[in-house]
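Residue numbers (the working numbering), protein chains in the order written: chain A, 1 to 215; chain B, 1 to 247. Even glycine gets a Cβ: it sits at the ideal position worked out from N, Cα and C. Scroll down for the structure; my scribbles are underneath it.
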Amino acid sequence: MSYLVRYLLADVLRGQRFLPPLLVYGAVLAMFNAGDAGPPLSAYAGSCAFLYPAAVWLTVVIATSEDPVRRAVTVVAAGGWGRAQAAVTLLSCLAVTAVALAAAVVPPLVQPRPYPVAVVVLGFAALLVCGLTGVGVGVLCARPVITRHGWSALTAAALAVAAFLFGQVPPIGNVLGALGREHDLVPNLVVSGVCAVVLLVASTVVSRTLGPRRD
Amino acid sequence: MVRLDRIGKRYGRGPWVLRDVTLVVEPGEPVVVTGGNGTGKSTLLRIAAGLSRPSAGRVTRPRSVGYLPERFPTGVKLPARDYLRLLAGVRGVAARWDLVEALGFVGDPDAPMATLSKGNTQKIALAQALTATDLLVLDEPWSGLDAAAGAVLVDLVAASGCAVLVTDHHGHDLPGARRVPLGAGPGGVVVELDRVGEALARIAALDGVRDARAVGGGARVEVEPGHSDRLLAEALRLGCSVRSVRS
């Protein structure tokens, strides 16, 4: 599995499609931290809300980095769709974790207010939950689940917006709400964390099941 | 060894791309699948390689499979050497640059594969597939290769000790190979019947019938073109129902 992830990473880095989601998210982070971002914990709400769609986008980029024919070669070399799709999910999770870590340490470095370690850890956990949810949704929006670019983009946009439409429901809305109130964050993070992991596993299983049927 | 047992493939409720194909490929006896365009050769290979799930039938295949697609993509940014090293790692074997050299590779192994010619890209794709240890599934492996590389490929395939399944349009000679034609032969008509029952033996005995097999509750009959009308009339007279007629 480690070679599979390394192969995918090398391929993603050689292409340049990973840059737009990272640049857009970097710009959003810069915007949030240009002035006073507000009280430490609630300052993370904005970067959490934007990490979710950025993670969806980045995951779609990773899942579709290989064209379908080269993907077929990789699937056979890996010994089946299951391992190949698990590698996509794993690499996406690693990438999003790195982005979440960066987004968690930027405010304590540039904001004038003091950021206790506990607040940074909670902020990182909230970013991670939102990012991993994005990975789960991204896997569902990419090949082999959705094979056409147009539908993929439309579905990703619709699911990104849908997470904010229903108020404070897991896995995104409740975390953003708890960050804003600076209250009840830990129990909400646990609920959303479980949701994110279930979504990750379910979306990977869906993609490995649909891969050989669509082919 | 790979065993395909009465496999069929269709997408959704579309027409059958492959129907009722049974095939066993063992090491030492390469199988060359032949047939015209659109007879399902590539689909059969994708099922054998484990990429595509058959809509009917069963497949058993070994663990280590090498797959060569019909057209390896052209715009790959990874260099050839990195691609082979990483994919060999995925398989858990050592990279085999000697295979690339044996095939007469010309080009920069550390430049993006997009800069290589079609033939040299094909050599990299072949070297990737040939590192498998149990089964080789090669779709048009001679495509784009010069004569010398084509001859080396025959030797490499024979020396691999794997079960080998290939398609070929140009009559290349693999020693000891068995040729398996797909679809109707030239000019043949395939008639699919329902409600056949006892009538199958009488239909099989009609003039011009090349092959008649029970499939599920019905039958698949292949007949010479000049005899197809008489076969249809006889089948209807015997109480069968005609499901499809293809030529």
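query, result
"Where residue 91(B) falls, given that 16 or more other Cβ within 10 Å makes a residue buried", "buried"
"Three-state secondary structure assigned by DSSP to residue 188(B)", "coil"
"Between the CA atoms of residue 64(B) and residue 119(A) - distance to the nearest angstrom", "49 Å"
"Residue from 134(A), 187(A), 147(A) and 214(A) with nearest C-alpha to residue 197(A)", "134(A)"
"Selected residue, minimal CA-CA separation from residue 35(B), among 239(B), 169(B), 190(B) and 233(B)", "169(B)"
"DSSP three-state assignment for residue 220(B), whether helix, strand or coil", "strand"
"Within chain B, the residues that residue 115(A) reaches when beta carbons sit closer than 9 Å", "Going along chain B, no residue has its Cβ under 9 Å from residue 115(A), so there is no contact; the nearest lies around 40 Å."
"Endpoints, alpha helix (DSSP H) assigned at residue 16(B)", "Run containing residue 16(B): none in the alpha helix (DSSP H); it sits in the beta strand (DSSP E), 16 to 25."
"Residue span of the alpha helix (DSSP H) that contains residue 20(A), given as start and end", "19 to 32"
"Local conformation of residue 235(B) per DSSP, three classes", "helix"
"Under 9 Å by beta carbon: chain A residues contacting residue 49(B)", "72, 75 and 76"
"Chain-order list of residues whose beta-carbon lies under 6 Å from that of residue 196(B) (same chain, five-residue window excluded)", "218, 219 and 240"
"Beta carbon proximity, residue 61(A) to chain B, threshold 8 Å", "no"
"Min CB distance residue 14(A) to chain B below 8 Å", "yes"
"Where residue 89(B) meets chain A, residues with beta-carbon distance less than 9 Å", "2, 3, 4, 6 and 7"
"Among 143(B), 131(B), 200(B) and 56(B), nearest to residue 70(B) - alpha-carbon criterion", "143(B)"
"Residue 200(B) - DSSP class collapsed to helix/strand/coil", "helix"
"DSSP bridge partner residues for residue 114(A) (one or two, in chain order)", "Answer is none; residue 114(A) lacks a bridge partner."
"Same chain, Cβ closer than 6 Å to residue 171(A), neighbours up to 5 away in sequence not counted", "133, 192, 195 and 196"
"Spatial distance of residue 164(B) from residue 3(B) (CA atoms)", "12 Å"
"8 Å Cβ cutoff, residue 26(A) in contact with chain B", "no"
"Rounded C-alpha distance that separates residue 57(A) from residue 52(B)", "27 Å"
"Residues sharing a beta bridge with residue 246(B), DSSP", "190(B)"
"Inter-residue Cα distance where the pair is residue 13(A) and residue 136(B)", "30 Å"
"Continuous alpha helix (DSSP H) stretch holding residue 119(B): start and end", "118 to 130"
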